[in-house]
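**Q** In terms of numbering that gives the first Met the number 0, the sequence shown is numbered consecutively and its last residue is 175.
Next up is a structure, given as structure tokens.
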Amino acid sequence: MLHKFSVKNFRNFSDRLIFDLSSQQYEFNANAVNNGVIQHAMIYGPNGGGKSNLGLAMVDPVLHLIDSPSYLNSLDTNYLNGGAGVLIAEFDFEYRIDGVGINYKYGKKSRESMVYETLSIDGEQILHVDRRQSSHASIRLKGAENLKSDVGTSEISLLKYVRSNTILDETRCLSA
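Here it is in structure tokens:
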């Protein structure tokens with residue numbers, strides 16, 4: 000379950016916005032909290048305040064992880080924040096599933112162009128690529144040992160590449 004999310008340089012978010020669903024003495028409704036995570040929340044604010052953009056940011060991984068042509072057309076021309084010097088939008092998702100921490104973070108220069116991407120499970124980095132530094136990716140998953148790790152000039156998601164080209168071991172074991 001998602002327990003924390005942050006976004007920076009996406010649409011109207013020039014500064015890092017953190018949306019934290021971790022319960023810290025949340026006393027309004029005890030039924031809304033499960034395992035320390037707020038299950039139900041409502042976002043409200045003035046028109047033009049960024050509520051819709053927060054929702055778009057939270058579903059952004061769908062744009063690069065599944066094969067679906069459905070997306071808001073304005074994302075093609077209005078993806079990055081318009082501030083001076085903004086080159087990439089950055090996203091960070093923190094999940095807890097069965098007590099295991101999963102962190103997925105990435106930066107994109109457009110709706111389709113991935114710049115960097117990291118997936119960590121229980122504090123161990125299992126997927127990583129930063130195309131600003133190298134075209135070589137680190138892939139540490141059983142079942143993906145023979146995948147080509149040089150992604151070249153491709154700007155696709157490393158996670159999608161691995162998911163689409165492997166049959167992974169369903170255990171939590173990592174490769175050496």
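Backbone N, C-alpha and C fix where the C-beta goes; we use that ideal spot for every residue, glycine too.
Note that the structure is predicted; figures quoted are calculated from it, not measured.
Apart from the five residues on each side of it in sequence, which residues of its chain come closer than 7 Å, Cβ to Cβ, to residue 74?
**A** 110
**Q** Please classify residue 94: does DSSP put it in a helix, a strand, or coil?
**A** Correct three-state label for residue 94: strand.
**Q** For residue 3, report the span of its beta strand (DSSP E) as first-last.
**A** 1 to 7
**Q** Within its chain, find whatever has a CB closer than 7 Å to the CB of residue 118; leave out the 5 residues flanking it on each side and keep chain order.
**A** 103, 125, 126 and 158
**Q** If I measure Cβ to Cβ from residue 134 and keep anything under 6 Å in the same chain, skipping five residues before and after, which residues do I get?
**A** 149, 150 and 151
**Q** Using 8 Å for Cβ pairs, my map puts residue 80 next to residue 9. What's the rounded Cβ distance?
**A** 7 Å
**Q** Within the chosen definition, does the segment 55 to 68 reach the segment 19 to 35 through at least 3 CB pairs nearer than 8 Å?
**A** no
**Q** Could you tell me which residues DSSP pairs with residue 117 in its beta bridges?
**A** 104 and 127
**Q** Starting from the C-beta of residue 91, find all residues in its chain whose C-beta is less than 6 Å away, skip the five residues before and the five after it, and write them out in chain order.
**A** 5 and 104
**Q** Tell me whether the beta-carbon of residue 49 lies closer than 7 Å to the beta-carbon of residue 11.
**A** yes
**Q** Which residue wins for smallest C-alpha separation from residue 82, given the options 169, 60, 13 and 136?
**A** 13
**Q** Apart from the five residues on each side of it in sequence, which residues of its chain come closer than 8 Å, Cβ to Cβ, to residue 130?
**A** 113, 114, 115, 150 and 154, listed in sequence order.
**Q** Kindly list the residues whose CB is nearer than 7 Å to the CB of residue 138, restricted to its own chain and excluding five residues on each side of it in sequence; keep chain order.
**A** 126, 146, 148 and 161
**Q** With respect to the alpha helix (DSSP H) encompassing residue 59, which residues constitute its N-terminal and C-terminal limits?
**A** 59 to 64
**Q** Can you check which of these residues, 144, 163 and 140, is closest to residue 169 by C-alpha distance?
**A** 140
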